[in-house]
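Notes follow the structure.
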Amino acid sequence: MIQAAFPKLLRSQIAFDIARTIRDGFDKHYRLFRLTSQQAKQHFEQGAWRTAQQAARERIDFYDRRVQECVQMLEDEYDPAELTDEVWRELKLHFIGMLSDHKQPELAETFFNSVCCNILHRRYFHNEFIFVRPVVSTEYIETEEIAPTYRVYYPGTDGLHYTLKRIITNFQLATRFANLTRDVAQIEGRLRTLFGGIKLEPNHQIHVLSSLFFRNKGAYIVGKGINGNKEYPFVVPILHNKHGELILDTVLFDHEQITVLFSFTRAYFLVDMEVPSAYVQFLRTLLPRKPRSEIYTILGLQKQGKTLFYRDYLQHLKHSSDLFDIAPGIRGLVMLVFALPSFPYVFKVIKDFFPAPKETTRALIKEKYLLVKHHDRVGRMADTLEYSNVAFPRHRFSEELIAELKHFVPSLLEEDGDQLVIKHLYIERRMVPLNMWLTNADNDNDELQIEHGVLEYGNAIKELVAANIFPGDMLYKNFGVTRHQRVVFYDYDEIEYITDCNFRVIPQARTEEEEMASEPWYPIGKYDVFPEQFGRFLLGNAKIRKYFMKHHSDLLTQAWWQARKQRILEGHVEDVFPYPQHIRFCNQHTTPPAAIQPPFMETLENE
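This is the structure:
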């Protein structure tokens, strides 16, 4: 039997020093990350919505800044000749040792990868030098702070009303509630309606995460009830009313509603977590179908989400055999989109050239995607994962796809043995393009689905407008339908801020020649938009037109767009609710809609 060689003693001082530098760089990053999350509570209490939005945007860049600081420090301190392969091997082992009592070891491993991948050639991107596989376990990490990951309450002993009020007050929000007793009674009423007939078991209890989840203008209590062998997830949104007082807006029990709240189409929550893996584990009990990669991203740890996503992708590739091919749908002018049929995502590559009428550049398109990354996506824009130098097995690509790549993106394509390396791409969740969805509904003569698609399309545009986003190209092919039948925008190359747009009415023709001219006789600026023209491109189908005019005829008027722009310029931050309006306590006597009714924007202030 061949004995494995005993590992050599770690003797490189350089390897130890570099490992400590990387660990210190990560600790600085996470300290600043938590500080922003802690400050979110104060912003919420004060109703400082603009400040909160700015802090959320800035937090997104923290990770890349700390990585670049660390890379610069190492490049300034060490000569490349000193960094031998043996040093890099020892470096990883030293780093593992430094994580034995760490509270965020999985995040630190990813930070290590980011730093090393900025310095090393991709031939080193395997488990001997970086963390292709995680090493340090995240199970049972204990918190050292006063607050545990979650608190446990016993309504069977203390009474349900008292327990619910204690759950709320334990968060110690500095702003007064308008009527906490009333709001708690409404939650209690919903609970008794839903679970009144359930026999209470001896283990009956409620678990609630110790930190609030902050996003946009809401704070969310996240927890679950336990009774016997069943668990009942719930979320309680806390909002401000028009007087600046706090209200409990509703309580979410429905699994689909909770899933939509934590959707990939919304910006990241701000949550103060000492042990993020414990929060992920708790949320997985509420959302068992959601992968850990998405849950980390939900919590604002998008780099960890990217790492786990890529590991999941590699596992899927290893255990599948179908071919990458061009994605179904209308071919885009800007992006080449391909997919693996067995994998629920699409891969998007910016083309090297763009036919008329597109006037853009790769740099400008990347800038638009960056804009979306930093913006509150309000449930209507897909999250996009950006990767560089992604290696694909060449034999898994269809010949047609290889030909397309060589034709449209030769500058981003590199052949390395049996691999195809794409130097830059985006990965998004796969959806059914809205134009295909509407066509299928029309072919099936399913007017309920047509109406739902049109209603959702208009709601998506209105919620984007509320977030100061103008889609630019509003054609149906640039929107997708999720598995929850929500319409989401995913083509960002023509996106603009509403406040940068100039919404105009088409001038009245002065002569017959002007009226009959094939080209506009009036000057048109770069940011000029004529809403009355939208119908020409969107409403050719009579059924679609009927439902569009029923629900969203205001989108064809300059006055509607200009009024929304003016509200934004005046400093209003609109409410965009990530749950249906009819379940809000202020609308509890409203009859729920018969068809699937998505969340929609309410432009007026809360009650």
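Residue 352 in the working numbering is what sits at position 352 of the sequence shown, and the numbering runs on without skipping anything.
C-beta atoms are modelled at their ideal positions from N, C-alpha and C, and glycine is treated no differently.
Owing to the predicted nature of the structure, the values given are computational and were not obtained by experimental measurement.
Quiz item: Under a Cβ-count criterion, where at least 16 other Cβ atoms within 10 Å of its own Cβ denotes burial, should Pro523 be classed as buried or exposed?
Solution: exposed
Self-check item: Anticipated Cβ contact below 8 Å, Tyr490 with Asn478, distance rounded
Solution: 7 Å
Self-check item: Nearest-angstrom Cα separation, counted from Ile18 out to Glu494
Solution: 43 Å
Quiz item: Quick one: what does DSSP say Gln508 is sitting in, helix, strand or coil?
Solution: coil
Exercise. Could you tell me whether the Cβ atoms of Asn227 and Ile258 are closer together than 8 Å?
Key: no
Self-check item: Supposed close pair Gln104, Pro276 - CB separation, criterion 8 Å
Solution: About 6 Å; that satisfies the 8 Å criterion.
Quiz item: Which class does Lys351 belong to by DSSP, given the choice of helix, strand or coil?
Solution: coil
Quiz prompt | Backbone secondary structure at Ser388 - three-state DSSP | solution = strand
Practice problem: Measure the Cβ-Cβ separation of Leu107 and Ala15 and say whether it is below 8 Å. | Solution: When the beta-carbon positions are compared, Leu107 and Ala15 stay at least 8 Å from each other.
Self-check item: Beta-carbon proximity of Glu109 to Val67, cut-off 8 Å
Solution: no
Quiz item: Among residues of its own chain, excluding the 5 on either side of Ala327, which ones have a beta-carbon nearer than 7 Å to its beta-carbon?
Solution: Taken in chain order, the residues that qualify are Val337, Phe338, Ala339 and Val346.
Self-check item: Contact belief for Leu168 with Leu180 at Cβ below 8 Å, rounded distance in angstroms
Solution: Note that residue 168 corresponds to Ile in the displayed sequence, not to Leu. The pair is a contact, with the Cβ atoms about 6 Å apart (cut-off 8 Å).
Practice problem: Take Gln186 and list the residues in its own chain whose beta-carbon comes closer than 6 Å to its own, dropping the five residues that flank it on each side. | Solution: Phe585
Quiz item: What number of angstroms, rounded off, separates the C-alpha of His582 from the C-alpha of Leu164?
Solution: 22 Å
Quiz item: When DSSP labels each residue in this structure, what does Arg608 get in the three-state scheme?
Solution: Outside the shown range of the chain, which is 1 to 607, sits residue 608, and nothing can be said about it.
Self-check item: CA nearest to the CA of Gly417, picked from Met431, Glu404, Pro393 and Leu425
Solution: Pro393
Quiz item: So is Phe6 buried or exposed if we call it buried at 16+ other beta carbons inside 10 Å?
Solution: Model confidence at Phe6 stands at a pLDDT of 45, short of 50, so the residue's coordinates are unreliable; what they give is reported in the following sentence. Burial check for Phe6: the Cβ neighbour count within 10 Å stays below 16, so the residue is exposed.
Self-check item: Residues near Gly224 in its chain [Cβ-Cβ closer than 7 Å; skip 5 each side]
Solution: It should be pointed out that residue 224 corresponds to Lys in this sequence rather than to Gly. Spatial neighbours of Lys224 in its own chain (CB-CB distance under 7 Å, excluding positions within 5 residues in sequence) are listed in chain order as His207, Glu231, Tyr232, Pro233, Phe234, Thr285 and Leu286.
Practice problem: Can you grab the Cα-Cα spacing for the pair His319 / Pro341, in whole Å? | Solution: 13 Å
Practice problem: Please classify Pro598: does DSSP put it in a helix, a strand, or coil? | Solution: Since pLDDT at Pro598 reaches only 38, below the 50 mark, its modelled position is unreliable, and the value read off the structure follows with that caveat. Reduced to three states, the DSSP call for Pro598 is coil.
Exercise. Please confirm if the region 457-465 is in contact with the region 507-518, defined as three or more CB-CB distances below 8 Å between the two stretches.
Key: no
Quiz item: What residues in its chain sit with their C-beta under 7 Å from that of Lys28, if we drop five residues either side in the sequence?
Solution: A distance below 7 Å between beta-carbons, with the five flanking residues on each side excluded, links Lys28 to the following residues of its chain, in chain order: Arg66.
Practice problem: May I ask you to report which of helix, strand or coil DSSP gives Glu75? | Solution: helix
Exercise. With a cut-off of 8 Å on the beta carbons, I'd call Lys543 and Glu463 a contact; round off their distance for me.
Key: Not confirmed; about 24 Å, so no contact.
Quiz item: Hey, Gln72 and Val152: beta-carbon distance below 8 Å or not?
Solution: No. Outside cutoff.
Quiz item: Are there 16 or more other CB atoms within 10 angstroms of the CB of Ala40, so buried, or fewer, so exposed?
Solution: Classification for Ala40: buried.
Exercise. Less than 8 Å between the CB atoms is what I'm expecting for Gly480 and Met431, so what's the real figure, rounded?
Key: 3 Å
Self-check item: Collapsed DSSP secondary structure at Phe16 in the structure displayed
Solution: Helix, per DSSP.
Quiz item: Looking at C-beta atoms only, is the number of pairs between the region 209-218 and the region 32-50 that lie closer than 8 Å three or more?
Solution: yes
Quiz prompt | Cβ neighbour criterion (16 or more within 10 Å) applied to Pro593 | solution = The pLDDT assigned to Pro593 is 49, lower than 50, so where the model puts this residue is not dependable; a value taken from the coordinates is nonetheless given after this. Exposed.
Quiz item: In this structure, what does DSSP give as the bridge partners for Ala339?
Solution: Asp325 and Val346
Exercise. Select from Leu270, Leu299, Tyr268 and Ala267 the residue whose C-alpha is nearest the C-alpha of Phe282.
Key: Leu299
Quiz prompt | Proximity below 8 Å, CB of Ile350 to CB of Ile365 | solution = Cβ atoms of Ile350 and Ile365: closer than 8 Å.
Quiz item: How is the beta strand (DSSP E) around Phe213 delimited, first residue to last?
Solution: Phe213 to Arg215
Self-check item: N-terminal and C-terminal residue of the beta strand (DSSP E) that Gly453 is part of
Solution: Counting along the chain, Gly453 falls outside any beta strand (DSSP E), though it belongs to the alpha helix (DSSP H) covering Glu447 to Ala466.
Self-check item: Reduced DSSP secondary structure (H/G/I, E/B, other) of His240
Solution: Strand at His240.
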